[in-house]
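Residue numbers for the sequence shown follow the working numbering, so the first one is 1 and each next one is one higher.
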Amino acid sequence: DAVSEGETLEWFERAAEGGDKNAMFKMGNSYAKGAMGLDIDFAKAGEWWWKATCEEHELAWSNLLTHADDSLPPDEIIGKVSRFKDWVRLETKLEEKLEKSLSALQVFVAQVYWWG
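This is the structure we're talking about:
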């Protein structure tokens, strides 16, 4: 028997809520594309991509940047960037990751200012 979209969604959602970064990323993509029977909702996509980013998913940050104007208002983006920087500072094991992601973060902040 084929698995229904609803069942697929249910299992991805369970995994995402349980902390699986790949499932979080998939949920974000699904909301952005309207997949698995979901309506397109960039706000929900952005929230899932943000959660995946916080779990160090390699592609989630890129999706969040690419769709930031669709998913979150600029003031909320700035708040998330600030919290992201604070979070990275607190996690000493992520210091190297901060250096790698700093240029992406700078581009992100520049885009936020560009949008006004």
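All C-beta atoms, glycine included, are put in the ideal place defined by N, C-alpha and C.
Beta carbon of residue i nearer than 7 Å to that of residue j
i, j, result
"residue 34", "residue 45", "no"
"residue 36", "residue 30", "yes"
Range covered by the alpha helix (DSSP H) that runs through residue i
i, result
"residue 13", "5 to 17"
"residue 47", "42 to 54"
Between the CA atoms of residue j and residue i - distance to the nearest angstrom
i, j, result
"residue 22", "residue 48", "10 Å"
"residue 9", "residue 55", "20 Å"
"residue 20", "residue 53", "11 Å"
"residue 32", "residue 59", "14 Å"
"residue 7", "residue 26", "15 Å"
"residue 39", "residue 15", "20 Å"
"residue 4", "residue 65", "31 Å"
Residue i Cβ short of 6 Å to the ligand NAP heavy atom set
i, result
"residue 66", "No copy of the ligand NAP appears in this structure; indeed no ligand is present at all."
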